[in-house]
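Note sheet for the following structure.
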Amino acid sequence: MSLVSALYVGLFYFATVFLVVGLVLRIKTYAQTPAPLKIPTMPAPRTETGVALRMFREVAFFESLFRSNKWIWLFGILFHFGMLLVLLRHLRYFTEPVWFWVNWVQPFGKYAAFAMLAGLLGLWARRFLVARIRYISTPSDHLMLALLVGIAMSGIGMSFLVHTDIISVKAFFLGMLHFSPQSLPTDPLLLVHLGLVATLMIIFPISKLLHAPGVFFSPTRNQTDSSREQRHIADWAKELEAGER
Amino acid sequence: MADFDVPELKEYLEVPEPRENVTNHLAPFTAKPDHQTDLGFPAELVDNWKEVAIDKMGDLLGKYRSLRVFLDTCVHCGACTDKCHYYLGTTDANNMPVARQELLRKVYRRYFTFAGKYFPKLVGATDLTEEVLDDWYSYFHQCSQCRRCSVFCPYGIDTAEISMAAREIMDEVGKGQKYCNEIIAKVYKIGNNLGLPQPALADTLEGLEEDIEDETGVKVRLPLDEKGADILLITPSADFFAEPHVDGLMGYAKVFHEAGVSWTLSSEASEAANFGMFIGSYDNMRKLALRIRKAALDLGVKRIIFGECGHAWRVAYSFLNTLAGPFDFLDQKYPIPQHICEFTYDLLNENKLRMNKAENDHMTLTFHDSCNVARGAGMGGFEGGQFVIPRAVIKASCNNYYDMDDDTIHDATFCCGGGGGLLTDDLMEIRVKGAMPRMQALKQVTEEHGVTNLAAICAICKSQFAKTLPYFGFSMDQIVSVHQLVSNAIVLKGSEQEAELDGTADENGEAETA
Chain S
13 MSLVSALYVG LFYFATVFLV VGLVLRIKTY AQTPAPLKIP TMPAPRTETG VALRMFREVA
73 FFESLFRSNK WIWLFGILFH FGMLLVLLRH LRYFTEPVWF WVNWVQPFGK YAAFAMLAGL
133 LGLWARRFLV ARIRYISTPS DHLMLALLVG IAMSGIGMSF LVHTDIISVK AFFLGMLHFS
193 PQSLPTDPLL LVHLGLVATL MIIFPISKLL HAPGVFFSPT RNQTDSSREQ RHIADWAKEL
253 EAGER
Chain C
56 MADFDVPELK EYLEVPEPRE NVTNHLAPFT AKPDHQTDLG FPAELVDNWK EVAIDKMGDL
116 LGKYRSLRVF LDTCVHCGAC TDKCHYYLGT TDANNMPVAR QELLRKVYRR YFTFAGKYFP
176 KLVGATDLTE EVLDDWYSYF HQCSQCRRCS VFCPYGIDTA EISMAAREIM DEVGKGQKYC
236 NEIIAKVYKI GNNLGLPQPA LADTLEGLEE DIEDETGVKV RLPLDEKGAD ILLITPSADF
296 FAEPHVDGLM GYAKVFHEAG VSWTLSSEAS EAANFGMFIG SYDNMRKLAL RIRKAALDLG
356 VKRIIFGECG HAWRVAYSFL NTLAGPFDFL DQKYPIPQHI CEFTYDLLNE NKLRMNKAEN
416 DHMTLTFHDS CNVARGAGMG GFEGGQFVIP RAVIKASCNN YYDMDDDTIH DATFCCGGGG
476 GLLTDDLMEI RVKGAMPRMQ ALKQVTEEHG VTNLAAICAI CKSQFAKTLP YFGFSMDQIV
536 SVHQLVSNAI VLKGSEQEAE LDGTADENGE AETA
């Protein structure tokens with residue numbers, strides 16, 4: 013195995029562990045931090061089912077964002093759902109035999125990359141063109157967009173311009189999954205693509221990308237409007253009461 | 056009238072370009088040492104304030120999931136940037152919700168995140184310095200915690216939670232705000248925000264009884280500290296004192312009278328508002344809430360009803376059960392606590408109130424959804440009840456009603472500009488500028504539908520509008536209380552108004568019926 017292949021094997025094992033452990037720790041922190049008061053943004057659903065539906069609408073349709081700003085919503089939807097299809101399509105590189113529905117997704121997934129790229133470029137353009145968004149942007153906001161644009165463009169390049177040896181790529185990842193590392197084709201576009209993906213995986217749990225798990229823990233969205241019917245008291249607040257009554 | 060520029064009301068609300076440090080100079084007076092200590096905070100800025108502040112931030116991060124999640128999840132998408140009334144009114148960049156939050160978030164990143172510790176420039180992280188603390192003091196007191204941004208954020212990030220945390224940290228290092236802390240101290244010592252002692256309350260209520268009798272010929276009681284009454288009414292102290300609030304109080308009294316229920320006010324808990332929420336202090340919010348529990352127990356009441364007050368209703372509806380419950384000693388048949396609008400609404404639905412809408416024909420009304428009712432609390436036990444019920448009560452009281460623009464009512468309502476502990480003269484400039492978006496929507500219905508009056512169910516909204524309406528070419532008496540409209544329209548049994556309507560009055564205008 014070449015040095016490059018070995019480096020990528022190491023990089024991907026590290027990135028995967030970092031991503032999974034990082035996310036698990038972060039989600040654990042969110043779950044274990046008490047929410048001492050009911051603070052849903054009203055009107056809020058009065059049942060758990062209602063809350064699940066509200067959350068589903070947020071995650072699937074970006075409901076609140078649609079109300080706030082149609083441009084951000086449009087670019088956000090293009091990017092996220094483009095990426096979702098692209099990711100589903102990529103399952104074919106990690107499964108053998110390939111699940112039937114991944115084959116169905118495949119043609120859509122290929123072209124969804126353009127939607128993803130268009131969404132990203134739209135979001136990025138706003139950071140330059142709209143004074144308010146320019147003001148609130150940090151260097152890391154730009155770098156993250158650059159990273160994702162790089163991933164999308166190198167991926168598109170391999171799909172439509174300079175094809176890579178996907179049989180070997182699949183062998184490489186299946187090998188990693190079975191802990192018997194294989195060689196990786198060394199064409200530059202693939203190496204760039206995979207390098208950027210690994211970088212994204214590493215920054216995920218230590219960056220604003222935490223919005224992905226975070227949205228499910230947002231008390232203004234995931235709480236029921238039942239405060240008059242049910243007492244909602246955190247452990248640390250109970251301690252204040254102890255011995256008083 | 057003002058030594059600052061009053062924003063111009065245009066045809067439509069325009070989103071301004073952000074400008075830096077336009078309102079940085081606007082900061083409230085700092086709390087006096089004894090007001091700080093009354094609330095359990097240090098008297099003045101402690102020597103090691105940086106360490107204390109960072110420790111406190113860590114403490115809050117462990118106690119509040121909202122803070123923890125909200126500080127992590129913002130992606131700077133910008134959806135909130137044009138949603139804050141203070142940004143729209145001042146154009147100051149730090150009044151964009153995301154930028155306001157960044158003032159705290161950049162310190163959070165520096166001390167609590169990997170990226171901020173090792174790559175501060177990259178992610179926009181900074182040390183906590185005196186300059187940052189001053190920015191906190193200015194801009195977290197230019198937030199009325201109205202939660203409008205939380206409606207529009209894709210992750211539900213609520214600046215109110217962030218500004219409450221910032222204020223609690225500032226109190227903890229000894230840099231508190233005078234207005235809030237003085238008021239909380241006054242409630243502890245005297246019983247209400249305005250510092251009205253029991254004899255003054257009793258005197259006021261007696262005067263109001265006389266006013267109602269003069270006006271209607273009916274003796275309507277406004278009882279104080281009456282043991283064994285069924286209902287304890289908790290209302291903002293402004294209701295005892297200021298216009299138009301006091302007209303609302305007379306409205307509640309007439310409704311109770313007509314319903315035939317026994318009720319009382321309490322001099323021990325003569326304040327509905329809970330300013331503990333404004334400063335983010337769970338301890339103080341709890342202490343204030345417990346006074347209500349104590350008053351209910353001492354008086355032996357079966358029900359608790361809240362008067363018209365927005366923040367009070369949020370604390371009552373959403374937090375009272377948590378802070379001071381369980382209320383197992385009250386009658387469980389009724390919501391605990393209940394809002395006066397819910398009480399009146401139920402009576403109207405049961406056809407138990409006779410209303411003569413023509414009494415309000417000199418007005419054409421619109422309703423200002425108060426933010427802490429609209430976005431912070433429910434009403435009526437059904438989703439959106441807080442929008443429906445006050446409007447139903449208004450419409451039962453008057454013939455002419457129009458809503459303001461859809462983008463500015465219900466949960467998208469614009470704050471009056473004076474909430475969250477900003478209703479103080481030292482912050483008049485920010486109050487006037489923050490009122491602009493609401494005034495713009497009011498102007499629109501004034502021109503399109505001839506609206507003459509704005510009804511509200513929050514003591515802060517009423518006080519704020521009475522003060523700020525004149526800056527925009529309106530008059531201060533254009534703000535009315537919802538139960539003031541009820542008070543005008545309600546036809547009490549055996550009143551002169553009833554006799555007049557039924558044509559049973561004799562030449563002297565006296566009622567014939569007994």
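Read top to bottom, the protein sequences are chains S and C.
Under the working numbering, think of the first position of the first sequence as 13, with each following residue one higher.
Under the working numbering, think of the first position of the second sequence as 56, with each following residue one higher.
Even glycine gets a Cβ: it sits at the ideal position worked out from N, Cα and C.
For residue i, the residue or residues it bridges with in DSSP
i, result
"Thr-319(C)", "Leu-287(C)"
"Ala-511(C)", "His-423(C) and Ser-536(C)"
"Thr-85(C)", "Gln-232(C)"
"Gln-393(C)", "Ile-360(C)"
"Met-410(C)", "Ile-545(C)"
Contact belief for residue i with residue j at Cβ below 8 Å, rounded distance in angstroms
i, j, result
"Ser-317(C)", "Leu-256(C)", "19 Å between Cβ atoms; not a contact."
"Gly-489(C)", "Ile-515(C)", "With a Cβ gap of about 12 Å, Gly-489(C) and Ile-515(C) do not count as contacting."
"Val-541(C)", "Val-448(C)", "6 Å"
"Gly-365(C)", "Tyr-307(C)", "Going by Cβ atoms, the distance from Gly-365(C) to Tyr-307(C) rounds to 16 Å, so no, they are not a contact pair."
"Ile-145(S)", "Arg-138(S)", "5 Å"
"Ala-215(C)", "Leu-77(S)", "Not a contact, Cβ separation roughly 20 Å."
"Val-71(S)", "Tyr-210(C)", "Between Tyr-210(C) and Val-71(S) the Cβ distance is about 10 Å, and since that is not below 8 Å, they are no contact."
Helix, strand or coil at residue i according to DSSP, with G and I counted as helix
i, result
"Lys-126(S)", "In the sequence as displayed, the identity of residue 126(S) is Phe instead of Lys. Correct three-state label for Phe-126(S): helix."
"Tyr-210(C)", "coil"
"Met-151(C)", "coil"
"Thr-568(C)", "For Thr-568(C), the predicted model reports a pLDDT of 45, less than 50, meaning its position is unreliable and no value from the coordinates is stated."
"Phe-361(C)", "strand"
"Met-156(S)", "helix"
"Arg-203(C)", "helix"
"Leu-141(S)", "helix"
"Leu-279(C)", "strand"
"Met-494(C)", "helix"
"Tyr-456(C)", "strand"
"Arg-74(C)", "strand"
"Ile-218(S)", "helix"
"Leu-251(C)", "coil"
"Val-16(S)", "helix"
"Trp-116(S)", "helix"
"Lys-65(C)", "coil"
"Trp-83(S)", "helix"
"Ala-382(C)", "Checking the sequence shown, residue 382(C) turns out to be Phe, not Ala. Reduced to three states, the DSSP call for Phe-382(C) is coil."
"Phe-174(C)", "coil"
"His-417(C)", "coil"
"Leu-212(S)", "helix"
"Cys-516(C)", "helix"
"Met-305(C)", "helix"
Nearest-angstrom Cα separation, counted from residue j out to residue i
i, j, result
"Ile-245(C)", "Lys-548(C)", "37 Å"
"Gln-253(C)", "Arg-74(C)", "49 Å"
"Cys-235(C)", "Leu-49(S)", "21 Å"
"Leu-196(S)", "Thr-107(S)", "17 Å"
"Ala-86(C)", "Tyr-337(C)", "19 Å"
"His-417(C)", "Asp-269(C)", "21 Å"
"Gly-440(C)", "Thr-377(C)", "22 Å"
"Ser-292(C)", "Asp-258(C)", "14 Å"
"Asn-79(C)", "Tyr-526(C)", "22 Å"
"Arg-240(S)", "Leu-320(C)", "22 Å"
"Ser-325(C)", "Ala-371(C)", "14 Å"
"Leu-212(S)", "Leu-31(S)", "9 Å"
"Asn-149(C)", "Lys-407(C)", "51 Å"
"Val-110(S)", "Glu-397(C)", "60 Å"
"Ala-566(C)", "Lys-274(C)", "Any reading at Ala-566(C) must be qualified, since the residue scores a pLDDT of 45, below 50, and its modelled position is unreliable; the value itself is stated next. So the two alpha carbons sit approximately 14 Å from each other."
"Leu-288(C)", "Thr-61(S)", "35 Å"
"Leu-90(S)", "Lys-517(C)", "45 Å"
"Gly-113(C)", "Leu-159(C)", "12 Å"
"Leu-100(S)", "Val-209(S)", "15 Å"
"Ser-550(C)", "Asn-455(C)", "25 Å"
"Asn-115(S)", "Tyr-105(S)", "11 Å"
"Ala-569(C)", "Gln-552(C)", "Since pLDDT at Ala-569(C) reaches only 39, below the 50 mark, its modelled position is unreliable, and no value is offered."
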